[in-house]
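S.K.:
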Amino acid sequence: MSLPVLYLNYHEVRAEPSPYLYSLPVGEFDAQVQALLAPPAGSKARLGVTFDDGHRTQFEQALPVLARHGVPAIFFVTAGFTETGPDYMTWSQLREVAAAGHEVQAHGWVHRFMTHCSDAELDEELRRPKEAIEHHLGQVVDALSFPGGRYDARVLEACRRAGYRRVFTSVPWPPAWEEHGLQVFGRYGIQSRHTVATLAHLMRTGGRPSAAQRLAYSAKMMLRQAIGDERYHRLWCLLSHGEPGAEQNTGGR
1203 MSLPVLYLNY HEVRAEPSPY LYSLPVGEFD AQVQALLAPP AGSKARLGVT
1253 FDDGHRTQFE QALPVLARHG VPAIFFVTAG FTETGPDYMT WSQLREVAAA
1303 GHEVQAHGWV HRFMTHCSDA ELDEELRRPK EAIEHHLGQV VDALSFPGGR
1353 YDARVLEACR RAGYRRVFTS VPWPPAWEEH GLQVFGRYGI QSRHTVATLA
1403 HLMRTGGRPS AAQRLAYSAK MMLRQAIGDE RYHRLWCLLS HGEPGAEQNT
1453 GGR
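What follows is the structure, encoded as structure tokens:
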């Protein structure tokens, strides 16, 4: 019987340490990729690799590691940021990513939180990245990860109408489920504090959250509801040393 897949979510992979909460040194990333290839005995899940944002360090640092170990990944790119500056991959680099056997999929157009979007903005966030990636890479785009992990029933229905079939959230535990005609996948956001031991634990438990993790998740959701999404996001940026456009709300959307 095939083990279920628990998806990991990476952001930046750097040659040197960074204060950003979702940045990982390349040496640690290499060790984690090797670890997911050697699951502990009795593992209840296997691990898949995803990236968000289309940050250039993913091309410069992560891609060679994946090639060295023969591990495929899904790269979710904020297509409107492509070629806008030194922090983001170019279309030429993304073609290399796709040619190496990885998926290149959508992470919105300019990283708007989709639950905040008007109908017109939501259409742009879903339609434009799909069209751009398909045009530049010549491959079908049928998957999307939600910026900031934000989604609701309205967003899911819009994704279905836009032609997506798979959507990826920031809910940090499996299993996958179906909703509004879509396959919905949770992901475990990898932070700078996470190690090979973290991955081994995820594989052994199948990503099943502890009572403490569920309590922390509920507390985050209650805080966001109490202070509002905008204030919550500003607080997140302050604590994570991140830019407002880079949020991935690990442990809860």
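In terms of this note's numbering, the sequence shown has 1294 at position 92, counting the first letter as 1, and numbering is strictly consecutive. We treat Cβ as the ideally placed atom computed from N, Cα and C, and that holds for glycine. None of these values were measured; they are calculated from a predicted model.
Out of curiosity, what's the CA-to-CA distance linking P1377 and T1407?
M.R.: Cα to Cα, P1377 sits roughly 12 Å from T1407.
S.K.: Does the Cβ of Q1260 have 16 or more other Cβ atoms within 10 Å, making it buried, or fewer, making it exposed?
M.R.: With 16 or more other Cβ atoms within 10 Å, it is buried.
S.K.: At the level of alpha carbons, what is the spacing between A1302 and L1324?
M.R.: Distance between the alpha carbons of A1302 and L1324: 31 Å.
S.K.: Taking I1335 as the reference, give the member of P1349, H1318 and W1311 with the closest Cα.
M.R.: That would be W1311, whose Cα lies nearest to the Cα of I1335.
S.K.: Enumerate, from N- to C-terminal direction, the unbroken alpha helix (DSSP H) stretches of 4 or more residues contained entirely within the segment 1296 to 1371.
M.R.: The qualifying runs are 1321 to 1339 and 1355 to 1364.
S.K.: Using 9 Å as the threshold, is the C-beta distance between A1264 and F1315 below it?
M.R.: No, Cβ-Cβ distance for A1264 and F1315 is not below 9 Å.
S.K.: Which same chain residues, not among the five before or five after T1292, have their C-beta less than 8 Å away from its C-beta?
M.R.: Around T1292: T1284 and E1285.
S.K.: Are the beta-carbon atoms of P1331 and V1343 separated by less than 9 Å?
M.R.: Yes, they are a contact pair.
S.K.: What distance in whole Å lies between the Cβ atoms of L1346 and Q1307, which are believed to be in contact at a cut-off of 8 Å?
M.R.: Contact holds; Cβ gap of about 6 Å.
S.K.: Ends of the alpha helix (DSSP H) at R1270?
M.R.: It spans L1265 to H1271 - the alpha helix (DSSP H) in which R1270 sits, taken as one unbroken run.
S.K.: Count the other CB atoms within 10 Å of the CB of I1429; is the residue buried (16 or more) or exposed (fewer)?
M.R.: So I1429 ends up on the exposed side.
S.K.: Below 8 Å CB to CB, which residues in the same chain sit around P1219 once its five sequence neighbours on both sides are set aside?
M.R.: Cβ neighbours of P1219 beyond the five flanking positions: S1225, P1227 and S1394.
S.K.: Is the CB-CB distance between P1481 and P1374 below 9 Å?
M.R.: Lying outside 1203 to 1455, the shown extent of the chain, residue 1481 is not represented and no answer is given.
S.K.: Do you know how far the Cα of G1340 is from the Cα of E1380?
M.R.: So the alpha carbons of these two residues sit roughly 28 Å apart.
S.K.: Please go through the same chain and pick out, in chain order, the residues whose beta-carbon is closer than 8 Å to the beta-carbon of Y1212, but skip the five residues on each side of it.
M.R.: Counting only Cβ-Cβ distances below 8 Å, and skipping sequence neighbours, we find Y1224, L1226, F1231, V1251, T1252, F1253, D1254, Q1260, A1264 and I1392.
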